[in-house]
Amino acid sequence: MSLFRLVQSSKCRCSICLNEQNCKNKSIFWQAGLTTYYHPGINLKKIHYYSIKLFEQLEAETGQAVGFHQPGSIRLASTPVRVDELKYQMTRTHWHPTPQFLIGPEKIQQLFPLLNMDKVLTGLYNPGDGHIDPYSLTMALAAGARMYGAQIYYPASVTGLTPTADGRWDVQTPHGTIRANRIVNATGSATPTRQTTPPHDRPHLFVSFSFCLLGLLFGPYEKEEKMKLQDSWIRDGVPPGFGKELFESDLDRIMDHVERAIEMVPVLKNADIINIVSGPITYTPDLLPMIGPHQGARNYWTAIGFGYGIIHSGGVGKFLSDWIVSGEPPYDLIECDPNRYAHWTSVPYLCAKARESYGFNNVVGYPKEERFAGRPTNRVSGVYELLKDRCSMGFHAGWEQPHYFHKPGDDSGYKPSFRRTNWFGPVGRECKLVMEGVGVIDLSPFGKIIVKGEDSHRLLDRLFANTLPKVGQTNISHMLTPRGRVYAEVTVTQTAPGEFLLITGSGSELHDLRWIEREVCDGGYAVSVCNVTDELGVLGVAGPKSRAVLQKLTDEDMSDTAFRFLHCRSMQLAGVPLRAIRISYTGDADRYTLVMPIDRTHMNCDTNPLEAGLDYFIKLSKPAEFIGKQALLEIKAQGLSRRLAFLTLHTDDIDPEGNESVWHDGEVVGNTTSGSYSYSTQQSLAFSYLPLHLTHAGQTVEVELLGQKYLATVTPEPLVLTEPARTRLQKKQRSV
């Protein structure tokens, strides 16, 4: 059973008629059918953009009317923090083609004159947003598919799925068994709808403090505690044949929202409620859909869990079809990877997160967001109980991991903000501790995979663009796509002849495992691939005194000459029970301290390693024909059009975090990929992709943060020396 099928909830909508306008055409919306350019995600904006552009041309291409209207939409802000939220979203949109603008109260009232302006501060305006008739759209998509040779069987319930030895599938249906090269699970609980055009096509209104949709349709998200889970569906599955049916109406659940809507649009007070519609809506634990191939089942793809509705249809179809045809995703969408969930995703967790996710439609979307329902899962490290009361925990792929530690007198607790908040001081304290002394970081959430066997060298030489490390050594390697894009960055250690330990990011565990397993299967390699993430705990010991701390726990020589950088060995930490581990944890460090040097999020399927400055790790001269090698040779021959630049900038109480717009001479020239505050150099830092002519040292650009542009300077990196560089410098100084 698919994850999202377990977490059905009901959502009420009511259609209203404005008596004051003597409206005789009482339009009824059985489903909103909203089409929005807006999405807070970065690449999910591309999904929305493609869908709308498809909808605009679909009637002309297929001859099927789709009832598509684009009156625009306005998201209102009535508090200062909501204004910050809209500014935050604007800076993440300037470098996209999406038409989106911040507008003031005067423009808002011009576009929606029925609105009570007493509490309105600003609005986020998307002029191309609108609505479409979902039923007509479905018919048009089916007509277009048939035009290009698709066969559609309807109704056709799937009664069984059987994988074949060659990676294909036998799909059992009432029409017989269909042999498929691959299958896409797109079995969302969709209800056909009927919609007619309202007589006054005003922009849709999104009220940020209660997240309502106004017009002839009023569709609020009731409060979290009032939301109803379909318990029988969780227990028994969705009833067979459920499609057009609806739930019993329950106006009381949304009356507080009705009252607030009347306050915002006073004419609603005299309107008649014509119809109340209550139907199902699907949610995954993190609100995002599950799109892509599934680990552990060859040629099995998913497109499920869409809480946003019809707007995802065109873009997701294009995304999946491009991936299936080319063998790689057209752009990075790892946040929607179906493999981000695993064995730790229990039914109680799903139910708790579904309720929480539904409630998050009514709250501010902060950066570094943490959500606490359903936690902890069964994924906790050996030091969780020791640390849980001393720190603020973060959530990574089911794991609990310290984000920052608090001391008596600190302003502790989760207090999100668009600016520097209560963790800023404690994290600075920990960075100083690590840079000047030693800290221990729980890195157990990292994905750990062991590859061994007679073909292990040949397999990994095919997967990685770097040369393989020798026994007892470690390096950084990258798996590339056929187009030469960065699919994953992995730490590779050869622990014994022909046996390799691969370590990847916590959110990439099954994402990377699936890629490896596919190559093993396609190439017929004689290897074993074992996911040992849950079996191996990891404690990172960092800082100039780290060797001295470890030396007290072992008889092994821990000097830099005997145990060099990027070397690995198995050793016994003599007499180190849990109590001794507690002692080593008296100087704590955490996830936020770890990312202060800035996450290298500029490496993904949207970028190639040459423009990311990863040339050192890419061995184009190695004999093996690694995946993406030919594409990189072509890219190198053609020359780059942009390059990753390292920026320093001085701000006030705000720091970049990635995906902000970068400006030069009044034009958007790029975007940041990651950013943070540097406690070592007392300034904000960021990485950004810029045109080549803007990447030389000393070049100035502007980084937009919450609507304000801050001067940034391209700076040669690094500002802080690595251990090998520090060691070489110290030896040189001693010899003088």
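With full-length UniProt numbering, the residue at position 25 of the sequence shown is 25, and numbering never jumps. Cβ atoms here follow ideal geometry from the backbone N, Cα and C, with glycine treated the same way.
- Inside the stretch 95-158, DSSP marks whole alpha helix (DSSP H) runs of 4 or more residues at positions 105-111 and 134-147, from first to last along the chain.
- Here the alpha carbon of GLU430 sits roughly 14 Å from the alpha carbon of GLY540.
- A straight-line Cα-Cα distance of about 16 Å links VAL520 and HIS294.
- Counting along the chain, no alpha helix (DSSP H) covers ASP665, and no H or E run does either.
- Put simply, of GLU634, GLN683, GLU499 and GLN100 the residue whose alpha carbon is nearest the alpha carbon of LEU649 is GLN683.
- The closest CA to that of ASP522, considering only LEU463, VAL492, PHE500 and ASN475, is found on LEU463.
- Here the alpha carbon of LYS269 sits roughly 51 Å from the alpha carbon of THR173.
- DSSP, reduced to helix, strand and coil, places LYS709 within a strand of the structure shown.
- Counting the other Cβ atoms within 10 Å of the Cβ of LYS470 gives fewer than 16, which makes it exposed.
- A check of alpha carbon separations from LEU433 across ASN378, HIS406, ALA542 and VAL538 identifies ALA542 as the nearest.
- Judged by pairs of C-beta atoms under 8 Å, the stretch 663-670 does not touch the stretch 627-641, as fewer than three such pairs exist.
- Taking each of PRO716, ILE178, TYR525 and VAL158 in turn and checking the Cα distance to THR164, the smallest one comes out for ILE178.
- For ALA496, DSSP records a beta bridge to GLU499.
- Annotation: MET139 to GLN64 spans about 7 Å, alpha carbon to alpha carbon.
- Of all C-beta pairs linking the stretch 127-144 to the stretch 66-84, three or more are shorter than 8 Å, placing the two stretches in contact.
- Relative to THR187, the option among GLY241, LYS223, LEU141 and TYR135 whose CA is nearest is GLY241.
- If you keep only unbroken beta strand (DSSP E) runs of at least 3 residues inside the UniProt domain "FAD dependent oxidoreductase central" (327-378), you get nothing at all.
- In the same chain as ASN422, and ignoring 5 residues on each side of it, the C-beta atoms closer than 8 Å to its own belong to ASP410, ASP411, SER412, GLY413 and LYS415, in chain order.
- Spanning the alpha carbons of PHE687 and LEU644 requires a straight line of approximately 7 Å.
- In the assembly as shown, PHE372 is an exposed residue. Its beta-carbon has fewer than 16 other beta-carbons within 10 Å.
- Looking at the DSSP output, GLY675 bridges to ALA686.
- Comparing C-alpha distances from ASN126 to each of TRP169, SER313, LYS87 and ARG75 shows the shortest one belongs to ARG75.
- PRO691 and ARG642 have their C-alpha atoms roughly 4 Å apart.
- Pairing ASP560 with ASP442, the inter-Cα distance amounts to about 23 Å.
- For LEU721, the closest of PRO329, PRO544 and LEU468 by C-alpha to C-alpha distance is PRO544.
- Around GLY149, the same chain offers no residue with a beta carbon nearer than 6 Å, after the five sequence neighbours per side are excluded.
- Classified as exposed, HIS343 has fewer than 16 neighbouring CB atoms from the shown chains inside 10 Å of its CB.
- Here the stretch 322-335 does not lie against the stretch 344-358, with fewer than 3 beta-carbon pairs under 8 Å apart.
- With a beta-carbon spacing of about 7 Å, PHE626 and ASP461 fall inside the 8 Å limit used to define contacts.
- Taking the Cα positions, THR162 is about 47 Å away from LEU640.
- For LEU387, the closest alpha carbon among the candidates ILE152, ALA548, HIS403 and GLY219 is that of HIS403.
- PRO623 sits away from ALA465, with the two beta carbons spaced by 8 Å or more.
- With distances taken between CA atoms, LEU719 lies nearest to PHE646 out of GLY327, GLN733, LYS53 and PHE646.
- Shown here, HIS175 sits in coil according to DSSP, grouped into three states, outside any helix or strand.
- Bridge pairing for SER417: absent [DSSP].
- Listed as beta-bridge partners of LEU633 by DSSP are no residues whatsoever.
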